[in-house]
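Numbering (my numbering), first residue to last: 9 to 358. Positions of the beta carbon are idealized from the N, C-alpha and C atoms, including for glycine. On a predicted model such as this, the values are computed, not experimentally measured, just so you know. One structure is given below, encoded as structure tokens.
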Ligand code: NAD
């Protein structure tokens, strides 16, 4: 989402979470509830102070409003951000306390996994509230870790965007993947399966080195990955990967990845366009996870998830095509479409 003045209201609610006994310390930001309850994952991260956590929560919640609207989901945008306690802590107690906080909002906020949280954490949350998804599911039902759905949406979007921007399939292309966590690792596997060459970076060697061994991926330092010689750059770590400097140094002709809030500042969207680099907007391509979360919460089956995730790549192709025809950044066009979807629902509700 390109952070520029929009027609959307500022965050409706920011709830401070603090529980001395468990170490819970964070924020739930609910940005929009026009289309439905605010939905977005729960991030556990080491923030230097509360201001940084608050800024992240608001930015991520806003991004969820845009993502959910453009994916056609009956959900508003929200996010929980928890400060990771220093040293050892009781994880179960912390997520149970978080669950009680979610329950206190009475369904205004639906949570799930995000960076730093797991299916097991959400099971602890579920001991205190039903307003949680990302839980293990029965066969055929939607649920479980949303990451594979996110990776699939990113992969199919990358295929569509490569055909559009590079006039070729992914076979034989070189893809630089920043971050080999849950989504990045799954994306790498899919890319290797279709014959793409991989360059990967992650400060955590666990998955990175296994991927390198299995798929013959070249490993580079984290600070190099955005500027290596590659056809596609796939940011799959944290947000803000595309600073002005990174965008100026980028050698790839296509950016398509899972990370939220990839553009460090709004002007980077135009900078990429000026440099002839196609940007597949983050929240359009990475909607697979929230689509799975939404279906689980609404009690739908996997076929519903399958159908909606399969619609992501055609949406990306149409978006890139429209942006090119209008000579505007795909990021700006996507924002307009999301804002229009929310404004339309506001008019209907008024
Ligand atoms: P994850 O925590 O499993 O993986 C993130 C990885 O990035 C980690 O391995 C971490 O070591 C690595 N990393 C951190 N800083 C890095 C750097 N500077 N360079 C390279 N690697 C770095 O998270 P995930 O679930 O794979 O999500 C990845 C991104 O996708 C996040 O931005 C997340 O918000 C976004 N996203 C995830 C989902 C989902 O379903 N999991 C859905 C939508 C968006």
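- Residue 26: member of the beta strand (DSSP E) spanning 21-27, first to last residue.
- The alpha-carbon separation between residue 115 and residue 299 amounts to approximately 18 Å.
- When DSSP assignments are scanned along the region 40-108, the uninterrupted stretches of beta strand (DSSP E) that are 3 or more residues long and fall wholly within it turn out to be 50-53 and 84-91.
- Taken from the Cβ of residue 118, every heavy atom of the ligand NAD lies 7 Å or farther away.
- By the 16-neighbour rule on beta-carbons within 10 angstroms, residue 144 is exposed.
- A distance below 6 Å between beta-carbons, with the five flanking residues on each side excluded, links residue 89 to the following residues of its chain, in chain order: 34, 35, 51, 61, 64 and 65.
- Comparing C-alpha distances from residue 209 to each of 201, 135 and 184 shows the shortest one belongs to 184.
- Annotation for residue 218: no beta strand (DSSP E) segment contains it, though the alpha helix (DSSP H) segment containing it runs 213-223.
- The continuous alpha helix (DSSP H) containing residue 131 extends over residues 127-134.
- Counting the other Cβ atoms within 10 Å of the Cβ of residue 303 gives 16 or more, which makes it buried.
- Assigned with DSSP and collapsed to three states, residue 176 falls in coil, not helix or strand.
- Residue pairing for residue 243: DSSP places it in a beta bridge opposite 186.
- Annotation for residue 306: no alpha helix (DSSP H) segment contains it, and DSSP assigns it neither H nor E.
- Using a Cβ-Cβ distance cut-off of 8 Å, the region 156-171 and the region 118-131 are not in contact, since fewer than three pairs of beta carbons, one from each stretch, lie closer than that value.
- The beta carbon of residue 234 lies closer than 7 Å to those of 186, 241, 249, 254, 257 and 258 in the same chain, with the five residues before and after it left out.
- Taking residue 324 as the centre and dropping the five residues before and after it, the same chain places the C-beta of 165, 168, 169, 288, 292 and 293 closer than 7 Å to its C-beta, in chain order.
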